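To keep things clear, I will list the structure first and then write my remarks on it.
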Amino acid sequence: MQKLYYASGFVLLGDAVCTAVVEYAQALANVGKSDLVVVPGLSDEGLRGETRLLLGPASQLFTSPALDRGIDLDDDEAVESMRDKTRRLLPARPTTEARASEDHDSGGDFF
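Below you can see the structure in the form of structure tokens.
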């Protein structure tokens, strides 16, 4: 379990959810975009519910470990969605097949 500090407070999130939120926030900031994400969270009063976070270039967030309160805050669907969105925001990388094809086309000799 992690504390995600956001604005003037914090919310408790599951480890995987918190990591996905921070990585997605960084990817959004890198391209100057914003998005609203909805994830399960636990308030500082101990109330479980949906947490809505507006992530963007001006978002200032940080995390710290929190005591596990025995409440399941994992959401595989939300994590996978944010990871997919994060991947789409990253610069394209050449694939191994594309590089092998280029090497073959150029003769592949490096002498």
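All you need for my numbering is the position in the sequence shown, starting with 1, plus 52.
Every residue gets a Cβ at the ideal spot worked out from N, C-alpha and C, and that includes glycine.
Given the structure is predicted, the values throughout are model-derived calculations rather than measurements.
task: Report yes or no: do the stretch 120-132 and the stretch 76-84 share at least 3 C-beta pairs separated by less than 8 Å?
output: no
message: Is it buried or exposed, THR103, if we count other Cβ atoms within 10 angstroms and call 16 or more buried?
response: As a position in the sequence shown, residue 103 is number 51, starting the count at 1. Result: buried.
- request: Verify whether the separation of the beta carbon atoms of LEU56 and GLY93 is less than 9 Å.
  value: Within the sequence shown, the letter at position 4 stands for residue 56. Within the sequence shown, the letter at position 41 stands for residue 93. In this structure, GLY93 lies closer than 9 Å to LEU56 by Cβ.
query: Are VAL91 and ASP127 closer than 9 Å when you measure CB to CB?
result: Start at 1 with the first residue of the sequence shown, and residue 91 comes out as number 39. Start at 1 with the first residue of the sequence shown, and residue 127 comes out as number 75. Yes, Cβ-Cβ distance for VAL91 and ASP127 is below 9 Å.
query: For THR71, which of helix, strand or coil comes out of DSSP?
result: Position 19 of the sequence shown, counting from 1, holds the residue named residue 71. THR71 falls in the helix class under three-state DSSP.
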